[in-house]
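full-length UniProt numbering applies: residue 1 is where the sequence shown begins, and numbers increase by one. Data first, discussion second: the structure below is written as structure tokens.
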Amino acid sequence: ENGETPRDAASRRRLVGVEARFARGPAAARARWAEHGGSGVKERPRSVDEAKAAGNGYFGKGDSLALTRAVWAYTDALLLCEDDEAKAVLCSNRSAAHAKLLHFSAALGDAEAACELRPRWARAH
1 ENGETPRDAA
11 SRRRLVGVEA
21 RFARGPAAAR
31 ARWAEHGGSG
41 VKERPRSVDE
51 AKAAGNGYFG
61 KGDSLALTRA
71 VWAYTDALLL
81 CEDDEAKAVL
91 CSNRSAAHAK
101 LLHFSAALGD
111 AEAACELRPR
121 WARAH
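Have a look at this one:
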């Protein structure tokens, strides 16, 4: 009714486990992306880099709608990504977007994931 997605509602209520499960796995990818241009569902990004670049563009705008779109774009990139080092960067970026949105629990979850994926990477700490 207010335009809030289930993921945003879960994050706002600090239900990190729900938010994390919602964003993972092939079922989540199928739910987010149209297979053949289905109505109301966005098309799958062509690559991790395309999704990450979209996230970076939204992040740079800084307003709450753009930051929410940055979170979605980084989530898209994470769903496509298979490289742990790249996943750490994406988690770090998504953490920063969540923090700017004042979604501190979700930001902490992504920051911890970045640390687990690249424990020696200073930016993750």
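Cβ coordinates follow ideal geometry from the N, Cα and C atoms, glycine included.
Residue i versus residue j: straight-line alpha-carbon distance, rounded
i, j, result
"R69", "A97", "9 Å"
"V89", "E112", "12 Å"
"H125", "F104", "15 Å"
"L80", "F59", "19 Å"
"G57", "S64", "13 Å"
"K87", "V48", "10 Å"
"W72", "P45", "12 Å"
"T75", "S95", "11 Å"
Integer-rounded CB distance, given that residue j should sit under 8 Å from residue i
i, j, result
"G109", "A77", "Their Cβ separation, rounded to whole angstroms, is 17 Å, which puts G109 and A77 out of contact at 8 Å."
Cβ-Cβ distance between residue i and residue j below 9 Å
i, j, result
"S92", "A114", "yes"
"K100", "L67", "yes"
"R118", "D84", "yes"
Status (buried if at least 16 other CB within 10 Å, exposed otherwise) for residue i
i, result
"L52", "Reading off the sequence, residue 52 comes out as Lys, not Leu. Classification for K52: buried."
Any non-hydrogen atom of the ligand NAD closer than 8 Å to residue i Cβ
i, result
"R94", "Among the components of this structure there are no ligands whatsoever, and the ligand NAD is therefore not found."
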